[in-house]
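Numbering (the UniProt record's numbering), first residue to last: 1 to 619.
Each residue gets a CB set at the ideal place from its N, CA and C atoms; glycine is no exception.
Okay, so here's the structure we're looking at.
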């Protein structure tokens, strides 16, 4: 609780902080003692005492719609122009083969155990997140969702995937014959080509509705829509096939328009597609599909992995977050990216396979007037959300992690402090900041929260952003000076670095405060023990993450991003590369408190000011 008080100091005023101090004293001398004993008892009964509580609090009890609010997107390096349907099918088939190769490793439980590479190096890391990637499904609920383990003996022996194209859904069986022989890459490509052709022919047919867009609804609304779907036997069968599939392949034939390109002028341009779509546009495509006009109906947001392939070469991932953190997903996705390098020249060759004219297994839906209205309402709500999302992929190219490491500073710590400086520069204060810290050193460990808004960071940011003082002499000459010297700024920076490093280490070694506080609060709820500290406004402020961040490293030129978690906040993922830093910055246009362009500009200015400061230290 001492650390809780410490984290609140830079984001509360003195009066608020003194009030919380009294609440902490009352809690630690009263119910806190009993609640801690409950947690100790729970530890003896569970592999991970916090996992279920954390999962429900972080995801399953959150009623917000999945696109923008929860599901991240990942942009892969563009493929060659895939205007030829044969090319799309071949690239997708390679993705499927690589996914199945990985699945066989999982089925045999042969995935090598990863080891910690920093702080207590060599500690084994929990691999459970990898094993959940292709056997999970998030089922909507009226009060809370369920994370289903949908793997069965049948799924293992006769696996299938779902292919989405033109907002229609198809089953693709990955084995054939009574002995369930795996089909070849060429056969998969032929089946995928058949699906693309059939979907294009079916457009405008009677009864064609974008049922997938229902999965974009608020979770209780989608649960209600799902109940309506379940009244039909054919719909129940469709839902069962979707829930039990390994993953999705999503062919995007309608590509989001130029209105999704970034309007922010800060940073390098990055790569563009032949139709002038930029990286920001592609990230919109992966996160939400572009709305009902484009590809949002071509998604099923409940499924963990949706591999998106656009006809213009855009490709990437939309993923449902509850089964796994980004690190496991990125590891798998980069295998796919690297697997397609040899396809560029041969991708236009015709597909020679007996499956070329085989009948597709299309899911047909029974949709009544009430469901038609739900689909229309879902489209309207999602389109409004999509238009409200402000997003920018910002490539900072002045330096990267090589320079930061040469200064003997952790790149993660450095970037976190740059964001604190940028926020303070723009808003004149610090706010509760969330950075996910992996706790995979513990069985079933997911993440705890590194809180980067520290007192040390605040004092340094105030010094860096101080206003100039102008003094006029008797003779009328003006002198401009600063009250904090450059050396003092450096000292404050080093103090902030040390504090941020200590907080980071505490979290990855299991000594963070947020999961512990969650446990105490949940134990109080389940045992009907009212605790003022958890009902006080200070607790809400502490958990209102107006800056939600995470480091998402890649070895390829790919990146992951997501929306903000509160209406007046920013979502910022960052990917330190050797000689550049990739940021994905998001906020809502409707907010009076945020400004994506201004924040990105402040971030660039902060990074340049920090480099200048560190050059001075060298000299």
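### Message
Pull the bridge partners of residue 173 from the DSSP assignment, please.
### Response
Numbered from its first residue, the chain shown carries residue 173 at position 173. Per DSSP, the beta-bridge partners of residue 173 are 160.
### Query
Tell me the DSSP bridge mates of residue 392?
Position 392 of the chain shown, counted from the start, is the residue given in the question as residue 392. Per DSSP, 585.
### Query
Which one or two residues does DSSP pair with residue 435 in a beta bridge?
Sequence index remark: in the chain shown, residue 435 carries index 435 (1-based). Its beta-bridge partners are 450, 549.
### Query
Which runs of the beta strand (DSSP E) fall wholly inside the region 13-46 and span at least 3 residues, in chain order?
Counting only runs of at least 3 residues, the region 13-46 fully encloses no beta strand (DSSP E) element at all.
### Query
Which first and last residues belong to the alpha helix (DSSP H) in which residue 4 is found?
Looking up residue 4 in the chain shown gives position 4. It spans 2-8 - the alpha helix (DSSP H) in which residue 4 sits, taken as one unbroken run.
### Task
State the Cα-Cα distance for the pair residue 374 and residue 587, rounded to the nearest angstrom.
Here residue 374 is taken as the residue at index 374 of the chain shown, counted from 1. Here residue 587 is taken as the residue at index 587 of the chain shown, counted from 1. Taking C-alpha positions only, residue 374 is separated from residue 587 by approximately 27 angstroms.
### Query
Can you tell which of 447, 211, 423, 159 has its C-alpha closest to the C-alpha of residue 365?
Numbered from 1 along the chain shown, position 365 holds the residue referred to as residue 365. Residue 365 has its Cα closest to that of 211, out of 447, 211, 423, 159.
### Query
CA-CA distance, residue 395 and residue 581?
Counted from its first residue, the chain shown places residue 395 at position 395. Counted from its first residue, the chain shown places residue 581 at position 581. In a straight line, the C-alpha of residue 395 is about 6 angstroms away from that of residue 581.
### Inter-residue CB distance, residue 608 and residue 416 (contact presumed, cutoff 8 angstroms)
Against the chain shown, residue 608 aligns to sequence position 608. Against the chain shown, residue 416 aligns to sequence position 416. With a Cβ gap of about 17 angstroms, residue 608 and residue 416 do not count as contacting.
### Outcome for residue 372 when other beta-carbon atoms lying within 10 angstroms are tallied against a minimum of 16
Taking the chain shown and counting its residues from 1, the one referred to as residue 372 is at position 372. By the neighbour-count rule (16 or more Cβ atoms within 10 Å), residue 372 is not buried but exposed.
### Task
Report the partner residues of residue 318 according to the DSSP bridge assignment.
In the chain shown, counting from the first residue as 1, residue 318 sits at position 318. BP columns for residue 318 point to 73, 306.
### Query
Who does residue 165 pair with in a DSSP beta bridge?
If you number the chain shown from 1, residue 165 lands on position 165. DSSP lists 168, 251 as partners of residue 165.
### Query
First and last residue of the beta strand (DSSP E) that includes residue 575?
As a first step, residue 575 is located in the chain shown; it is residue number 575 there, counting from the start. Counting along the chain, the beta strand (DSSP E) containing residue 575 begins and ends at 570-576.
### Query
Taking C-alpha atoms, which residue in 159, 43, 76 lies nearest to residue 181?
Translated into positions along the chain shown, residue 181 becomes position 181. Selected option, being the one with the closest Cα: 159.
### Residue range of the beta strand (DSSP E) that includes residue 486
Reading the chain shown from its first residue, position 486 is the one you call residue 486. First-last for residue 486: 486-508, but that is the alpha helix (DSSP H), not the beta strand (DSSP E).
### Task
Answer with buried or exposed for residue 584, where buried requires no fewer than 16 other C-beta atoms within 10 angstroms of its C-beta.
Residue mapping note: residue 584 aligns to position 584 of the chain shown, counting from 1. Answer is buried; the Cβ neighbour count reaches 16.
### Query
According to DSSP, what are the bridge partners of residue 534?
Along the chain shown, read from residue 1 onward, the residue named residue 534 stands at position 534. Answer by DSSP bridge pairing: none, since residue 534 is not bridged.
### Query
If you draw a straight line from the alpha carbon of residue 63 to that of residue 258, how long is it in whole angstroms?
Looking up residue 63 in the chain shown gives position 63. Looking up residue 258 in the chain shown gives position 258. Approximately 31 angstroms, taken between the alpha carbons.
### Message
I need the DSSP call for residue 283, collapsed to helix, strand or coil.
### Response
By 1-based counting over the chain shown, the position of residue 283 is 283. Residue state, collapsed to three classes: helix.
### Message
What does the Cβ neighbour count give for residue 317, buried or exposed, with the cut at 16 atoms within 10 Å?
### Response
For the purposes of this step, residue 317 is identified with residue 317 of the chain shown, where counting begins at 1. Buried, by the Cβ-count rule.
### Query
Around the C-beta of residue 574, are 16 or more other C-beta atoms found within 10 angstroms, so that it is buried, or is it exposed?
The count along the chain shown starts at 1 and reaches residue 574 at position 574. That one is buried.
### Three-state class that DSSP yields for residue 397 in the structure shown
Within the chain shown, residue 397 is the residue found at index 397, counting from 1. Residue 397: coil per DSSP, three-state reduction.
### Message
At the level of alpha carbons, what is the spacing between residue 307 and residue 214?
### Response
Counted from its first residue, the chain shown places residue 307 at position 307. Counted from its first residue, the chain shown places residue 214 at position 214. Near 19 angstroms, if we compare the C-alpha coordinates of residue 214 and residue 307.
### Message
With H, G and I counted as helix, E and B as strand and the rest as coil, what does DSSP make of residue 559?
### Response
On the chain shown, residue 559 is found 559 positions in, with the first residue counted as 1. DSSP, read as helix, strand or coil, puts residue 559 in strand.
### Message
Going residue by residue through the region 107-145, where are the continuous alpha helix (DSSP H) segments of at least 4 residues, counting only ones entirely within it?
### Response
128-132
### Query
Which whole runs of the alpha helix (DSSP H) in the region 48-101 are 4 residues long or more, in chain order?
51-55
### Message
Strictly by DSSP, which residues pair up with residue 147?
### Response
As a working note, residue 147 is residue 147 in the chain shown. For residue 147, which the question treats as bridged, DSSP gives the partners 138.
### Query
Can you name the start and end residues of the alpha helix (DSSP H) that residue 188 belongs to?
By one-based count along the chain shown, residue 188 stands at place 188. That run of the alpha helix (DSSP H) goes 185-202.
### Query
When DSSP labels each residue in this structure, what does residue 181 get in the three-state scheme?
What you label residue 181 is simply residue 181 of the chain shown in a count that begins at 1. The answer is strand: DSSP assigns residue 181 an E or B state.
### Query
Looking only at its own chain, which residues have a Cβ that is under 8 angstroms from the Cβ of residue 360, when we skip the five neighbours before and after it?
As a working note, residue 360 is residue 360 in the chain shown. So the qualifying residues of the chain are 170, 191, 194, 195, 198.
#### Entry: residue 325 (DSSP reduced to helix, strand or coil)
The count along the chain shown starts at 1 and reaches residue 325 at position 325. For residue 325, the secondary structure class from DSSP, reduced to helix, strand or coil, is coil.
### Task
Go ahead and pull the three-state DSSP assignment for residue 528.
Translated into the one-based positions of the chain shown, residue 528 becomes position 528. It is coil, neither helix nor strand.
#### Entry: Buried or exposed (CB count within 10 angstroms, at least 16 for buried), residue 504
Mapped onto the chain shown, residue 504 falls at position 504. By the neighbour-count rule (16 or more Cβ atoms within 10 Å), residue 504 is buried.
### Message
Quick check on residue 69: buried or exposed, where buried means 16 or more other Cβ atoms within 10 Å of its Cβ?
### Response
The count along the chain shown starts at 1 and reaches residue 69 at position 69. Buried.
### Query
Which residues share a DSSP beta bridge with residue 268?
Here residue 268 refers to the residue found at position 268 of the chain shown. Bridge partners of residue 268: 395.
### Message
Within the continuous alpha helix (DSSP H) that includes residue 219, where are the two ends?
### Response
Translated into positions along the chain shown, residue 219 becomes position 219. Segment 219-229, the alpha helix (DSSP H) holding residue 219.
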